[in-house]
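> So for the sequence shown, numbering that gives the first Met the number 0 puts the first residue at 0; every next one is plus one. Please read through the structure below; I'll follow up with questions.
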Amino acid sequence: MNNTIPYIHVGSGNFSIQRLQIIIDTNIFTPVAIVDLDKKKTYKNLSKINYKKIDLKKRIFKTISEAHKKHEAKACFIFASSDSHANLCIESLRANLHTYCVKSVALNKFQFKKIMNEKNKRRNLVFFQGY
């Protein structure tokens with residue numbers, strides 16, 4: 000983890016696990032925990048990645064807050080299902096983490112406004128949507 004940025008990885012589906020491997024391979028970020036509601040699926044899918052620095056199978060959590068309490072992180076990357084993006088973005092921002100979320104971050108204007116209200120309370124954090 001020397002000069003890499005520690006982050007929490009949210010999601011463990013096929014797309015998310017592919018992104019996890021790409022992020023690991025860049026050697027810019029270091030995953031310190033995985034967040035997903037389905038621990039059994041997460042454990043199985045983590046077998047697909049090539050990563051030896053940290054045993055991520057021992058660092059699976061159900062919430063960003065729980066993961067962040069146990070492991071120091073600076074950022075959070077969200078690759079979960081889109082219906083959970085808004086709540087996860089808000090939880091990540093409230094944990095004072097720089098937040099990246101695959102599109103779309105919100106399913107409606109109400110969710111987007113809630114996210115932006117949280118972001119605006121924390122102007123020092125980076126928050127962005129990608130794909």
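From the three backbone atoms N, C-alpha and C, an ideal C-beta is built for every residue, glycine too. All figures in this text were calculated on a predicted structure; none of them were measured in a lab.
Answer yes or no: do I53 and A94 have a C-beta to C-beta separation smaller than 7 angstroms?
In this structure, A94 does not lie closer than 7 angstroms to I53 by Cβ.
> Leaving out five residues before and five after V31 in sequence, what residues of the same chain have Cβ atoms less than 6 angstroms from its Cβ?
The answer, listed in chain order, is P5, H70, A72.
> Run through DSSP, which three-state label would I27 get?
Three-state DSSP puts I27 in coil, outside helix and strand.
> Quick test of your reading: H8 and I48, contact by CB under 8 angstroms. State the CB separation rounded to the nearest angstrom.
Contact doesn't hold; Cβ gap of about 10 angstroms is too wide.
> Report the residue from L96, F111, F126, H67 whose alpha carbon sits nearest the alpha carbon of D82.
Nearest option by C-alpha distance: F111.
> Output the distance between the C-alpha atoms of F28 and T3, rounded to the nearest integer angstrom.
Approximately 5 angstroms, taken between the alpha carbons.
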